[in-house]
Structures are given as structure tokens and as C-alpha cells.
Amino acid sequence: MRNNTVRKMAVNAMVAALYFVLSLPFMTFIFGPVQLRVSEAFTLLPVFSSTPIAGLTLGCVLVNTLGVFTKANILGPLDVLFGSAATLLAAFLTHQLRGVRIKGLPFLSALMPVLVNGIVIGLELTFVISGSFNLPIFLINAGQVALGEAIACFVLGLPMVRALEKTGLGNKLFADSTLHKIA
Numbered sequence: 000m001r002n003n004t005v006r007k008m009a010v011n012a013m014v015a016a017l018y019f020v021l022s023l024p025f026m027t028f029i030f031g032p033v034q035l036r037v038s039e040a041f042t043l044l045p046v047f048s049s050t051p052i053a054g055l056t057l058g059c060v061l062v063n064t065l066g067v068f069t070k071a072n073i074l075g076p077l078d079v080l081f082g083s084a085a086t087l088l089a090a091f092l093t094h095q096l097r098g099v100r101i102k103g104l105p106f107l108s109a110l111m112p113v114l115v116n117g118i119v120i121g122l123e124l125t126f127v128i129s130g131s132f133n134l135p136i137f138l139i140n141a142g143q144v145a146l147g148e149a150i151a152c153f154v155l156g157l158p159m160v161r162a163l164e165k166t167g168l169g170n171k172l173f174a175d176s177t178l179h180k181i182a
């Protein structure tokens, strides 16, 4: 029991650190209407288990907080709450839809971060940019965020999932120990 808890903490620390480190070089490109977070490819890790969801959320909290302190995050402190909540929800939905596959790939799982972040971050941007809800501005913001998210999830994330599945590393690293025993 204790080893399982320590293992999950270690996995989540690793995921949070990787999310954070992969975001650092792109700080000027990961906030605002046009954004591409390479680290968002990791939102597909819950395809393997629910274990990395906490690490993804923590990594996002850390990046968004650093963005606020460095003034790179134009959305401010509310993004730490809402942007991170969007990552949490997207990761949860990714996990829930992990079994729905098209040609062996979890396309619906990859779609969840695109939709959730497009909507949530699109709303945040709309209120920051226009001061109130404006449908045309929201649709533009949501579309731009969703496009960047789609690149991260479909172009980077799905090949990552396929590679982790082919090598067996996905289950070794992320599977709940109640389902798989690590040798």
C-alpha cells in the first residue's frame, strides 16, 4: 500500500516536472489567443491510468503561476484557477474515454483537451480582451486555443501514446498497480 502511494507520488512529480520544463522554453507562446503548449501532449497520459492526472494539473498550476509572476500570462491569477481546472477536467475526460478507439488510437481522448481548453481558455481570453462576453470574439479565441491544443494532442500526443503502447512503457510507468504489477 505504502509503496503504491510513493510510486504514484513519484509518477506525478515526474509528470509535473516534465510539463513544467517543456513549457519553459515557450513561455512567450503559451499564453494569449494564439498558443501552443508542447507540454499539453501529456494530457493524453491518462489514457494509461488516472495516476498522472494530479501531476498534469500540478504542472499546469506551476506554469500558469510562473506566467503570472513573469507577466507572460496575460490572463493573470484567474488562469491559475480556471486554466488549471480546464487541464484537470480535460485529463479526467481523457481517462474516461480511453477505451474509445478509432484505428487503435484514442482519438476521442485526444479531443477532450482540445474542446475543454478551447472553451475555458477561450472564455477567459474573451473576458480579458473585451471586458464582457462577446460571441464573435469568443469563437475566434476558442478556435485559436483549440487549434494549438489540437497540434499538441493530435500531432504530438497521439504518436506519444502509440510509442508508449508499442514499447509497453505506458503501462509500466503509468498503470495503476492494482491492475499491473511492475517488475
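Counted from 1, the sequence shown has number 148 at position 149 by numbering that gives the first Met the number 0; the numbering is strictly sequential.
Virtual Cβ for every residue (Gly too), placed ideally from N, Cα, C.
Asked, Found
"Residues that L104 bridges to, as DSSP identifies them", "I101"
"Inter-residue spacing [alpha-carbon to alpha-carbon] between D78 and E123", "8 Å"
"Spatially closest choice to V20 from L138, N133 and C59, by CA coordinates", "C59"
"Segment contact flag, the stretch 144 to 157 with the stretch 33 to 52, C-beta cutoff 8 Å, min 3 pairs", "yes"
"S22 burial status per 10 Å Cβ neighbour count (16 or more: buried)", "buried"
"Three-state secondary structure (DSSP) of Q95", "helix"
"Beta-carbon proximity of I73 to V119, cut-off 8 Å", "no"
"E164 vs E39 beta-carbon contact at 8 Å", "no"
"N11 to A174 span [Cα, whole Å]", "12 Å"
"C-alpha distance - G117 paired with N140, whole-angstrom precision", "8 Å"
"Alpha-carbon spacing of A71 relative to M26, whole angstroms", "7 Å"
"N2 classed as buried or exposed, judged by whether at least 16 other C-beta atoms fall within 10 angstroms", "exposed"
"Simplified DSSP state of P135, which is helix, strand or coil", "helix"
"Contact under 8 Å by Cβ, A89 with T50", "no"
"Residue burial classification, K171 (beta-carbon count within 10 angstroms, cutoff 16)", "exposed"
"Whole-angstrom C-beta distance between P112 and V160, which should lie under 8 Å", "13 Å between Cβ atoms; not a contact."
"Backbone secondary structure at L74 - three-state DSSP", "coil"
"Limits of the unbroken alpha helix (DSSP H) element including M26", "That residue, M26, is in no alpha helix (DSSP H); it is neither H nor E in DSSP."
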